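Colleague:
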Amino acid sequence: MATLTQAPPPVAPPVPEKRPPRRRGRWTPYLLLLPGLLWLFVFFALPVIYQASTSVQTGSLEEGYKVTWHFATYWDALSDYWPQFVRSVLYAASATVLCLLLGYPLAYLIAFRAGRWRNLIMILVIAPFFTSFLIRTLAWKTILADGGPVVDVLNTLHVLDVTAWLGWTAGDRVLATPLAVVCGLTYNFLPFMILPLYTSLERIDPRLHEAANDLYARPSTTFRRVTFPLSMPGVVSGTLLTFIPASGDYINSDLLGSTDTRMVGNVIQSQFLRILDYPTAAALSFILMAAILFIVTLYIRKSGTEDLV
Amino acid sequence: MNTRQSRIFGTSVNWLKRHFVVIAGLLTLAYLLLPNIIVTVFSFNNPRGRFNYTWQEFSTEAWQDPCGVSGLCASLSLSLQIALWATLGATLLGTMIAFALVRYRFRARPAVNSLIFLPMAMPEVVMAASLLTLFLNMGAQLGFWTILIAHIMFCLSFVVVAVKARVMSMDPRLEQAAQDLYAGPFQTFLRVTLPIAAPGIAAGALLAFALSFDDFIITNFNAGSTVTFPMFVWGSAQRGTPVQVNVIGTAMFVTAVLLVLVSLVIGNRRNRHNA
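First to last, the protein sequences are chains A and B. Our numbering numbers the first residue of the first sequence as -18 and each following residue consecutively. Our numbering numbers the first residue of the second sequence as -1 and each following residue consecutively.
1) So Leu15/A and Leu113/B are supposed to be a Cβ contact under 8 Å. How far apart are they, rounded?
2) Assign Val162/A to buried or exposed, taking buried as 16 or more other Cβ atoms, counted over all protein chains shown, within 10 Å of its Cβ.
3) Determine whether the Cβ of Arg243/A lies closer than 8 Å to any Cβ atom of chain B.
4) If you reduce the DSSP assignment to three classes, tell me which class Gly45/A lands in.
5) What residue from Ile276/A, Ile273/A, Ile281/A, Val248/A has the CA that sits closest to Ala58/A's CA?
6) Please confirm if Gly40/A has its CB atom under 8 Å from at least one CB of chain B.
7) Counting C-beta neighbours from all protein chains within 10 Å, is the total for Ser77/B 16 or more, i.e. buried, or is it exposed?
8) Report the three-state DSSP secondary structure of Leu259/B (helix, strand or coil).
9) Hey, Leu269/A and Pro117/B: beta-carbon distance below 8 Å or not?
10) Excluding the 5 residues preceding and the 5 following Thr58/B in the sequence, name in chain order all residues of the same chain whose CB lies nearer than 8 Å to its CB.
11) By the 9 Å beta-carbon criterion, what residues does the region 206 to 226 of chain B contribute toward chain A?
12) Does Asn50/B come out as helix, strand or coil in the three-state DSSP assignment?
13) Can you give me the C-alpha to C-alpha distance between Phe133/B and Ala88/B, rounded to a whole angstrom?
14) How many whole angstroms separate the CB atoms of Ser266/A and Gln32/A, which I take to be in contact at a CB cut-off of 8 Å?
15) Flag Val67/A as yes if its beta-carbon sits less than 8 Å from any beta-carbon of chain B, otherwise no.
16) Count the other CB atoms, across all protein chains shown, that sit within 10 Å of the CB of Val260/B; report buried if there are 16 or more and exposed otherwise.
17) Within 8 Å of any Cβ in chain A, is that where the Cβ of Asn269/B sits?
18) Just list the alpha helix (DSSP H) runs in the region 43 to 95 of chain B, keeping only unbroken ones of 4 residues or longer that don't cross its boundaries, in chain order.
19) Hey, quick one: how far does the alpha helix (DSSP H) through Gln65/A stretch, first residue to last?
20) Touch check for the region 30 to 49 of chain B and the region 239 to 249 of chain B: three-plus C-beta pairs under 8 Å?
21) Comparing the CB of Phe40/B with every heavy atom of the ligand NAP, is any distance shorter than 7 Å?
22) Could you check whether the Cβ of Gly238/B sits closer than 8 Å to any Cβ belonging to chain A?
23) So, with DSSP's three-state summary, where would you put Arg94/A?
24) Nearest-angstrom Cα distance between Ile273/A and Leu262/B?
25) What residues in the region 105 to 126 of chain A bring their beta carbon closer than 7 Å to a beta carbon of chain B?
26) Going along chain B, which residues have a C-beta under 7 Å from Val29/A?
27) Does DSSP put Arg7/A in a helix, in a strand, or in coil?
28) Would you say Asn12/B faces chain A, with C-beta separation under 8 Å as the test?
29) Would Ile21/B be called buried (16 or more neighbouring beta carbons within 10 Å of its own) or exposed?
30) Counting contacts by CB-CB distance shorter than 8 Å, is Leu262/B in contact with chain A?
31) Measuring only the C-alpha atoms, how far is Gly198/B from Ser167/B?
32) Can you find at least 3 beta carbon pairs, one from the region 92 to 111 of chain A and one from the region 13 to 27 of chain B, that sit closer than 8 Å?
33) Please classify Gly238/B: does DSSP put it in a helix, a strand, or coil?
34) Name the one or two DSSP bridge partners that Ala196/B has.
35) Helix, strand or coil for Arg16/B? Go by DSSP, reduced to three states.
36) Check for me: the alpha helix (DSSP H) holding Val158/B runs from which residue to which?
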């Protein structure tokens, strides 16, 4: 039987309940809120409304646009670009699952097994952030280069045959295939999975593991019945922090993919900045926003952690 | 298989089982760090042709002349300027909001909370596109100011979250004690509240700086023809990446790690000193 390794944490002195609001300064909260909220309203909320109105306008760049409630733009955008939408969701979901599978062991390692290496590993997880993510994503071009060591090894082990059969890669190449894009997405958003996971794992009292052990639970049972359920808040916020930015990303697809891996972000970017078809671009972006908000709300409801923020 | 072999096999399987988490975690860490290693190694490359993706020969040329590519250092200094101003703006506005949210009760709280949460729950490309629609509708000149406005907007929420967490865990009795000792409200704020909230504010500011400095998507939409550092890298990815880009990436990585290590060592020493 394991002995308790730690004395129970000292009980914090009770903090008195929140003070009643001060009488003086009834307007203080509003004065504090005003500048920041005004900023968010003018440069975040208002643009979304503007975009909604742009999406139902018709016209041309030369003659100007007018609101004509032309909802057909939405229909056209969806029927033209549904493959890119499906791809975005698929790639983002695959990257999220991979991030969870790869990130969980590392977060667990930092939280429970790293000992005095904890700070160093933590720094190594965060440090890549300080090199521009575009430079780091470009480095994957070198790593996955045709005929490079990685591709050679995968080829010799016949892994590429399997992935090609699944449609993830094409021929002897990894670059310019879905696999490369998902690999880049996973890499780019992995820290956003690891940090919330670590935060919620670190809060778990190690004595709970000992208790499970004392009650003859095998390590795998302990993980399934104790550790994982207690880390759910981290899993939920980690998956959201990975899925949301990944679904709108166009950098990985642009740098590591090909025209066959274009995601909805690529379409919005090129419609806005190259083709200058503003109504279609606005409609696409609005659909993406609605889809994300829908998925996020549903997910938060399902997982039962509504006090996420 | 004889007994000895099976015993060895059994112990190694057991060893693998026991250390599975460590092995898997370290592999993930390697996956995370591999690109940085490549960036560093290739900063010493001497590529033939315009692209720096295959190793040719060792050279320190790029390190001796990091600004040798036209536009690179100008874009770097522009990014630093924007990041500094955006950090200042977002930290100021965000800290005020965080204090209001923790310290006061008011009616519009749910609306305020969702206005702060939504920018974090939206893909960047959506915010970027809608902000561009606003600027186009207003006929604004795209450039330094539109980038700065956008950066303050998306950094704001992150600062609020960081500062809020710190202020929430603060013991309100400390301020009451200060007031019992005849400190005025202003003095209490300056001498008690602010120093306690400082780590949260610093964390928020650091986060804002990192987010702004490295932002590409929102800048890509709202920069016009202004070139920040990420925009420069993006452009060079299409035309051919100079080695100097790797030099700057490596220098930033090393500087950041050194700064963190130094602050950790100082923190440790101070703790030991106090103990």
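Glycine included, every Cβ here is placed at the ideal spot set by N, Cα and C. Quick caveat, the model's predicted, so the values are computed rather than measured.
Modeller: According to the structure shown:
1) Counted from its first residue, the first sequence places residue 15/A at position 34. Counted from its first residue, the second sequence places residue 113/B at position 115. Actually they are not in contact, since the Cβ atoms of Leu15/A and Leu113/B sit about 13 Å apart, beyond 8 Å.
2) Here residue 162/A refers to the residue found at position 181 when the first sequence is read from its first residue. It counts as buried.
3) Counting from 1 along the first sequence, the entry for residue 243/A is found at position 262. Chain B contact via Cβ: absent.
4) Stepping through the first sequence from its first residue, residue 45/A is reached at position 64. Strand.
5) Position 77 of the first sequence, counted from the start, is the residue given in the question as residue 58/A. Checking every option, the nearest Cα to that of Ala58/A belongs to Val248/A.
6) For the purposes of this step, residue 40/A is taken as the residue at position 59 of the first sequence. Answer no: the Cβ-Cβ gap between Gly40/A and chain B never drops below 8 Å.
7) Here the question's residue 77/B lines up with position 79 in the second sequence. Ser77/B comes out buried.
8) Taking the first residue of the second sequence as 1, we reach residue 259/B at position 261. In this structure, Leu259/B counts as helix in the three-state DSSP scheme.
9) Here residue 269/A refers to the residue found at position 288 when the first sequence is read from its first residue. Here residue 117/B refers to the residue found at position 119 when the second sequence is read from its first residue. It is not a contact, given that the beta carbons lie outside the stated cut-off.
10) Counted from its first residue, the second sequence places residue 58/B at position 60. If we look at Thr58/B and ignore the five residues flanking it on each side, its Cβ neighbours are Phe42.
11) Ala208, Phe211, Asp212, Phe214, Ile215, Asn218, Phe219
12) What you label residue 50/B is simply residue 52 of the second sequence in a count that begins at 1. It is coil, neither helix nor strand.
13) What you label residue 133/B is simply residue 135 of the second sequence in a count that begins at 1. What you label residue 88/B is simply residue 90 of the second sequence in a count that begins at 1. Near 20 Å, if we compare the C-alpha coordinates of Ala88/B and Phe133/B.
14) Indexing the first sequence from 1 puts residue 266/A at position 285. Indexing the first sequence from 1 puts residue 32/A at position 51. Confirmed, about 6 Å.
15) Along the first sequence, read from residue 1 onward, the residue named residue 67/A stands at position 86. False, the Cβ-Cβ gap to chain B never drops below 8 Å.
16) Position 262 of the second sequence, counted from the start, is the residue given in the question as residue 260/B. By the 10 Å Cβ count, Val260/B comes out exposed.
17) Working through the second sequence from its first residue, we reach residue 269/B at position 271. With 8 Å as the cut-off, Asn269/B does not count as an interface residue toward chain A.
18) 59 to 62
19) Taking the first residue of the first sequence as position 1, residue 65/A is located at position 84. Looking at the DSSP string, the run of the alpha helix (DSSP H) that includes Gln65/A is 53 to 89.
20) yes
21) The ligand NAP is absent from the structure shown, which contains no ligand whatsoever.
22) Looking up residue 238/B in the second sequence gives position 240. So, not an interface residue.
23) Here residue 94/A refers to the residue found at position 113 when the first sequence is read from its first residue. If DSSP states are grouped into helix, strand and coil, Arg94/A belongs with the helices.
24) In the first sequence, counting from the first residue as 1, residue 273/A sits at position 292. In the second sequence, counting from the first residue as 1, residue 262/B sits at position 264. Spanning the two alpha carbons is a distance of roughly 39 Å.
25) Leu105, Val106, Ala108, Pro109, Phe110, Phe111, Thr112, Ser113, Phe114, Leu115, Ile116, Arg117, Leu119, Ala120, Trp121, Lys122, Thr123, Ile124, Ala126
26) Residue mapping note: residue 29/A aligns to position 48 of the first sequence, counting from 1. Near Val29/A (Cβ distances below 7 Å), the residues of chain B are Ser128.
27) The residue you call residue 7/A lines up with position 26 of the first sequence. The answer is coil: DSSP assigns Arg7/A none of H, G, I, E or B.
28) For the purposes of this step, residue 12/B is identified with residue 14 of the second sequence, where counting begins at 1. False, the Cβ-Cβ gap to chain A never drops below 8 Å.
29) In the second sequence, the residue the question calls residue 21/B occupies position 23. Under this definition Ile21/B is an exposed residue.
30) Stepping through the second sequence from its first residue, residue 262/B is reached at position 264. Yes, Leu262/B lies at the interface with chain A (some Cβ there is under 8 Å from its Cβ).
31) If you number the second sequence from 1, residue 198/B lands on position 200. If you number the second sequence from 1, residue 167/B lands on position 169. Spanning the two alpha carbons is a distance of roughly 10 Å.
32) yes
33) Numbered from its first residue, the second sequence carries residue 238/B at position 240. If DSSP states are grouped into helix, strand and coil, Gly238/B belongs with coil.
34) Numbered from 1 along the second sequence, position 198 holds the residue referred to as residue 196/B. Ala196/B pairs with nothing; no bridge assigned.
35) Against the second sequence, residue 16/B aligns to sequence position 18. Residue state, collapsed to three classes: helix.
36) Residue mapping note: residue 158/B aligns to position 160 of the second sequence, counting from 1. Val158/B -> alpha helix (DSSP H) spans 142 to 166.
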